[in-house]
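All remarks here apply to the structure that follows.
There are 2 protein chains.
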Amino acid sequence: MLEEMGKAAKAASYQLSVLSTEQKNQVLLTIADHLDARSAEILAANALDLADARQNGMSDALLDRLALNPTRLQGIADDVRQVCRLSDPVGQLIDGGQLDNGLRIERRRVPLGVVGVIYEARPNVTVDVASLCLKTGNAVILRGGKETWRTNGATGRLIQAALQQHGLPAGAVQVIESPDRALVSQLLKLDHYVDMLIPRGGADLHKLCREQSTIPVITGGIGVCHIYVDISAEREAALKVIVNAKKQRPSACNSVETLLVHEAIAADFLPVLSLRMAQEGIKLHADARSFPLLHQGPAKVETVNEADYRHEWLSLDLNVKVVADIDQAITHIREHGTQHSDAILTRDIRNADHFVNEVDSSAVYVNASTRFTDGGQFGLGAEVAVSTQKLHARGPMGLEALTTYKWIAWGDDSIRA
Amino acid sequence: MLEEMGKAAKAASYQLSVLSTEQKNQVLLTIADHLDARSAEILAANALDLADARQNGMSDALLDRLALNPTRLQGIADDVRQVCRLSDPVGQLIDGGQLDNGLRIERRRVPLGVVGVIYEARPNVTVDVASLCLKTGNAVILRGGKETWRTNGATGRLIQAALQQHGLPAGAVQVIESPDRALVSQLLKLDHYVDMLIPRGGADLHKLCREQSTIPVITGGIGVCHIYVDISAEREAALKVIVNAKKQRPSACNSVETLLVHEAIAADFLPVLSLRMAQEGIKLHADARSFPLLHQGPAKVETVNEADYRHEWLSLDLNVKVVADIDQAITHIREHGTQHSDAILTRDIRNADHFVNEVDSSAVYVNASTRFTDGGQFGLGAEVAVSTQKLHARGPMGLEALTTYKWIAWGDDSIRA
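These protein sequences, in sequence, are chains A and B.
Numbering-wise, the first sequence is residues 25 to 441 according to this note's numbering.
Numbering-wise, the second sequence is residues 25 to 441 according to this note's numbering.
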């Protein structure tokens with residue numbers, strides 16, 4: 025079955041690759057209109073998924089993430105209309121020129137071809153990813169969380185109806201409509217048809233893909249993020265940024281998990297940190313040097329262990345460690361981080377430069393919250409995923425990350441000497 | 025053992041990443057000087073490798089590829105000096121600007137970190153790849169063909185001596201000095217330390233890497249390249265390009281393997297093709313429609329089969345197939361090609377555009393030999409490998425392909441709203 029889907033996707037990708045931006049936008053607008061007009065079908069499928077999930081004892085928080093309603097569907101349709109307004113990277117001339125060998129060469133941006141996306145039980149992702157792939161002329165095979173397979177299936181059929189209205193094949197957007205996990209393993213081996221695989225989920229999914237996929241994979245989304253409070257940091261400003269980075273959305277991968285504090289300011293800074301964290305309901309996990317200083321304060325505090333330093337809390341928990349200097353902070357980040365987002369709070373320009381140069385993360389911040397790592401915040405207009413690997417794309421991935429290039433060479437019956 | 029090498033490489037990569045271009049060039053010049061001054065050590069190691077290979081019955085052609093002599097070593101040293109003259113992509117500002125959220129953002133080009141390269145018994149690759157990696161601030165782990173392990177080992181030690189002279193760690197360039205194949209499997213799993221893996225070898229090596237590596241891999245180097253002779257092609261010009269594409273270096277991956285000829289010119293073109301191919305010593309493998317036309321001519325001709333169409337001849341053999349039109353040619357290329365290099369010979373501007381838009385290969389040519397697909401010919405100054413996948417880099421990979429970027433964001437105690 026997946027072999028057939030791969031074949032259909034590849035065939036569709038050739039048709040999509042030569043569409044004009046205007047043609048692609050027309051398809052997107054039709055999808056948005058269908059989402060408005062046929063919301064009842066999707067909500068009915070979602071109700072069945074929700075009933076199953078409730079019966080299986082899913083938590084209220086997860087049920088809420090899974091649930092659609094007319095307002096949320098409206099928001100999804102509006103997001104598709106927003107994708108129309110983004111500029112289309114396909115066809116851009118990256119570079120080129122006349123070569124000494126007589127060729128006129130150009131490097132032209134083209135779609136990747138077929139993209140595979142594996143994601144969790146967020147029903148909005150189906151439309152979101154499909155619209156970004158269509159905008160960039162890619163076919164896509166989607167495999168959402170098994171808890172939302174009916175919702176995703178209904179959404180996929182709606183998108184395919186819109187495609188057919190424009191004379192485009194259903195193979196352009198295909199949803200794997202089955203909760204069977206074995207299909208994921210099959211998808212990972214479709215390298216003959218699929219050009220890029222994006223897993224959007226937890227560490228286990230990324231590990232599975234890295235180990236089993238024969239398709240090039242973009243891994244990411246795991247964030248053990250750090251803030252280093254330098255000797256020259258200002259106390260109040262530092263507290264403001266720390267609270268934002270931890271609390272603005274604790275479950276996000278770009279929220280901070282570990283605070284590294286210069287030893288020269290520890291005695292002064294840690295007691296006020298405890299006070300502020302207590303007010304904000306943030307629990308601290310302290311190393312041997314910070315524990316005595318934090319223990320006196322009002323914040324809840326526990327002893328941190330080595331495993332905690334590598335853990336994404338994704339909750340109102342924060343590790344605290346005292347470091348001897350900026351280099352010890354950098355070493356800690358290299359050894360425990362996930363190369364996602366790391367920040368320095370400082371008033372010293374040379375320390376800022378040193379940190380920026382030496383910390384090898386996708387996003388490095390000076391005097392800013394780690395929470396900014398996001399396609400929208402970085403001005404990309406959209407976000408397909410956040411990559412923490414170094415090949416192809418790094419950090420927030422916008423439309424450009426869904427493209428590659430080809431070399432086009434124009435000769436005059438040219439031969440190599 | 026490989027775990028230790030990975031650790032050393034990662035540690036070295038941090039030191040390399042902050043070197044200036046001038047510092048990196050100094051190291052390269054020292055390596056070139058050592059290659060001149062200490063050539064005896066390398067030639068002695070090479071003589072032992074050669075003796076073993078001869079005893080194991082290696083062919084003269086392969087022995088010649090393996091052999092070093094003072095002139096060849098001189099050439100290798102000169103190539104290193106040439107790398108000094110290339111411009112250094114590290115530190116480039118790719119894009120950036122002031123964002124509405126208050127951040128000043130930049131996307132800065134940085135080294136990948138640690139690169140792993142697996143290659144065949146070409147002793148020049150060791151120095152070649154090491155110098156390109158050093159120029160871009162990357163550490164590298166090299167695993168050459170098992171037939172050249174002594175030569176590569178001696179070369180690696182020479183490079184490490186040059187590194188140490190500049191206060192740099194030996195971990196920056198490490199050669200796996202053992203013919204044991206199990207070490208390759210270990211290297212493929214070093215994802216904790218190695219950021220990119222480049223296999224340079226045959227299809228089996230690429231398949232092994234795609235299936236077993238947990239490190240992002242660049243696959244490529246397999247070229248089933250096509251030339252489509254359009255209805256409007258000029259006979260003599262076409263023959264000139266075909267001969268060049270097949271014969272200028274038949275063993276190269278960018279040499280042509282299959283000729284697709286428009287049916288309307290077949291009766292006119294194929295007899296002269298036979299004549300010219302006979303003169304050039306090129307043997308033809310003909311489909312059912314071209315066979316009768318070629319059979320009359322002087323060139324050797326056999327019947328082609330489906331497997332031949334997917335085969336890299338790498339010899340003076342050429343498949344010939346008659347197609348009904350340009351779209352049938354494009355379909356054949358999509359189904360049988362390796363997305364390496366494909367050309368159209370035509371005088372029709374619309375057919376040229378159609379071919380360029382629809383053929384999804386790394387390099388697409390109009391009226392030029394496929395033999396141009398090469399980092400040097402494309403003006404990149406160097407070539408690390410030729411990628412036929414779509415992620416990260418496509419076609420000839422120059423220095424830029426050995427880099428990634430990081431997002432750097434400068435705030436003013438900025439928090440996300």
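Here a beta-carbon is modelled for each residue, glycine too, at the ideal position from N, C-alpha and C.
Only a predicted model underlies this, so the values are computations on that prediction, with no experimental measurement involved.
- Per DSSP, glutamate 304 of chain B lies in no beta strand (DSSP E) segment; the continuous alpha helix (DSSP H) that holds it begins and ends at 287-304.
- Going by DSSP, valine 347 of chain A is part of the beta strand (DSSP E) stretching over 341-347.
- Using a CB distance cut-off of 7 Å, arginine 224 of chain A does not count as an interface residue toward chain B.
- A residue is called buried when at least 16 other Cβ atoms come within 10 angstroms of its Cβ; methionine 25 of chain B does not meet this threshold and is exposed.
- For proline 240 of chain A, a Cβ of chain B is located within less than 7 Å of the residue's own Cβ.
- Contact annotation: serine 386 of chain B and arginine 418 of chain B have beta-carbon atoms nearer than 7 Å.
- Residue pairing by DSSP places valine 208 of chain B in no beta bridge whatsoever.
- Not a single C-beta of chain A is nearer than 7 Å to the C-beta of leucine 158 of chain B.
- Your pair alanine 36 of chain A and tyrosine 217 of chain A does not check out as a contact, with CB atoms roughly 11 Å apart and the cut at 8 Å.
- With a cut-off of 8 Å on Cβ pairs, the stretch 115-132 of chain B is in contact with the stretch 427-434 of chain B, counting three or more such pairs.
- Exclusion of the five residues before and after isoleucine 255 of chain B leaves His286, Ala288, Ile289 as the residues of its chain whose Cβ lies within less than 7 Å of its Cβ.
- As DSSP reads the structure, aspartate 119 of chain B sits in a beta bridge with B:Arg131.
- Assigned with DSSP and collapsed to three states, methionine 25 of chain A falls in coil, not helix or strand.
- In the three-state reduction of the DSSP assignment, asparagine 176 of chain A falls in the helix class.
- Counting the other CB atoms within 10 Å of its CB gives glycine 81 of chain A a total below 16, which places it among the exposed residues.
- Taking C-alpha positions only, leucine 110 of chain B is separated from leucine 59 of chain B by approximately 20 Å.
- Here proline 295 of chain B has Leu317, Gln320, Gly321 as same chain residues with Cβ atoms under 7 Å from its own Cβ, once five neighbours each way along the sequence are excluded.
- Residue-level contact check: tyrosine 217 of chain A does not touch chain B, since none of the beta carbons of chain B fall below 7 Å from its beta carbon.
- The Cβ atoms of serine 298 of chain A and alanine 323 of chain A sit closer than 7 Å to each other.
- With a 10 Å radius around the Cβ and a threshold of 16 neighbouring Cβ atoms, isoleucine 251 of chain B comes out buried.
- In the three-state scheme derived from DSSP, where H, G and I count as helix and E and B as strand, glycine 195 of chain A is classed as helix.
- Taking the Cα positions, arginine 371 of chain B is about 13 Å away from isoleucine 350 of chain B.
- Excluding sequence positions up to five before and after threonine 428 of chain A, its CB lies within less than 7 Å of the CB of Val134, Leu136, all in the same chain and listed in chain order.
- Per DSSP, the unbroken beta strand (DSSP E) holding valine 139 of chain B starts and ends at 138-143.
- When secondary structure is reduced to three states using DSSP, histidine 416 of chain B falls in the coil class, being assigned neither helix nor strand.
- In the three-state reduction of the DSSP assignment, alanine 35 of chain A falls in the helix class.
- Boundaries of the alpha helix (DSSP H) around arginine 78 of chain A: 63-79.
- Around leucine 123 of chain B, the beta-carbon contacts reaching into chain A at under 8 Å are Gln401, Phe402, Gly403.
- Per DSSP, the unbroken alpha helix (DSSP H) holding valine 149 of chain B starts and ends at 148-159.
- Nearest in C-alpha terms to leucine 426 of chain A, of all of A:Arg89, A:Gly115, A:Glu330, A:Leu342, is A:Gly115.
- Closest by C-alpha distance to valine 390 of chain B, out of A:Val325, A:Ser365, A:Asp437, A:Thr160, is A:Asp437.
- Considering only beta carbons, the part of the stretch 426-439 of chain B lying closer than 7 Å to chain A consists of Thr428, Tyr429, Lys430, Trp431, Ile432, Ala433, Trp434, Gly435, Asp436, Asp437, Ser438, Ile439, in chain order.
- Here the alpha carbons of valine 139 of chain B and arginine 174 of chain B stand approximately 21 Å from one another.
- For serine 44 of chain A, the nearest beta carbon of chain B is not closer than 7 Å to its own beta carbon.
- Closer than 7 Å to the CB of valine 280 of chain B there is not a single CB belonging to chain A.
- Straight across, the Cα-Cα distance linking valine 199 of chain A with asparagine 93 of chain B is about 60 Å.
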